[in-house]
Amino acid sequence: MVEAGIPVQGHLGLTPQSAAQLGGFKVQGKTAEAAKVLIEDAQALAEAGCFSIVLEAIPSSIAEMVTEAVPIPTIGIGAGPRCDGQVLVIHDVLGLFDRFVPRFVKKYAKLDEVIMKALVQYREEVEQGIFPGPEHGFMIDEQETRKLGNTR
Numbered sequence: 272m273v274e275a276g277i278p279v280q281g282h283l284g285l286t287p288q289s290a291a292q293l294g295g296f297k298v299q300g301k302t303a304e305a306a307k308v309l310i311e312d313a314q315a316l317a318e319a320g321c322f323s324i325v326l327e328a329i330p331s332s333i334a335e336m337v338t339e340a341v342p343i344p345t346i347g348i349g350a351g352p353r354c355d356g357q358v359l360v361i362h363d364v365l366g367l368f369d370r371f372v373p374r375f376v377k378k379y380a381k382l383d384e385v386i387m388k389a390l391v392q393y394r395e396e397v398e399q400g401i402f403p404g405p406e407h408g409f410m411i412d413e414q415e416t417r418k419l420g421n422t423r
């Protein structure tokens, strides 16, 4: 992909799409052997031409070692403060879900409550015939409507 000119970002540690093979949604790189593999994999990704690497759910000290071992930026998500940058999933930051929140997420809002209230109000207004009102629709001149005659 890199050779074809397509930018590639690596992803190490917990990869949610592979969580089942990794033993579930668990911190990765918690042993010296596993940490060494992460560092080696990061170096291989850099050598392969990745423009950066996401480090997800790995110990902070290991993320720092990876960051020091590669010449490309590291972006942490649950990897501590020593990565070159940070990222969180916007749905988690905004608090759109309350059932599962990863330990490394800080909710900056609880929009799930606001959204649920809005959806309940919408449903009630539709059921009661309040929405849509005349101001939410479009009109046609009555003469034009009469020209149609009976279309049944």
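Using this note's numbering, the first residue of the sequence shown is number 272, and each one after it goes up by one.
Heads up, the beta-carbon is just placed ideally off N, CA and C, and yes, glycines get one too.
The alpha helix (DSSP H) enclosing residue i, as first and last residue numbers
i           : result
residue 308 : 303–319
residue 370 : Counting along the chain, residue 370 falls outside any alpha helix (DSSP H), and DSSP gives it neither H nor E.
residue 335 : 331–340
residue 389 : 382–398
residue 415 : 413–419
Opposing strand residues paired with residue i [DSSP bridges]
i           : result
residue 323 : 280
residue 511 : Only positions 272 to 423 of the chain appear in this structure, which leaves residue 511 out of reach.
residue 300 : In DSSP, residue 300 forms no bridge with anything.
residue 357 : 347
Environment of residue i [buried if 16+ CB atoms lie within 10 Å]
i           : result
residue 401 : exposed
residue 324 : buried
residue 386 : exposed
residue 336 : buried
residue 408 : exposed
residue 281 : buried
residue 294 : exposed
residue 391 : exposed
residue 313 : buried
Rounded straight-line distance, which links the Cα of residue j to that of residue i
i           : j           : result
residue 360 : residue 376 : 9 angstroms
residue 370 : residue 362 : 12 angstroms
residue 343 : residue 393 : 48 angstroms
residue 339 : residue 319 : 17 angstroms
residue 287 : residue 297 : 10 angstroms
residue 317 : residue 345 : 10 angstroms
residue 274 : residue 321 : 11 angstroms
residue 413 : residue 422 : 15 angstroms
residue 380 : residue 374 : 16 angstroms
residue 308 : residue 327 : 14 angstroms
residue 284 : residue 299 : 5 angstroms
residue 382 : residue 395 : 20 angstroms
residue 301 : residue 289 : 17 angstroms
(Q) Between the region 325–334 and the region 350–367, can you find at least three pairs of beta-carbon atoms closer than 8 angstroms? (A) yes
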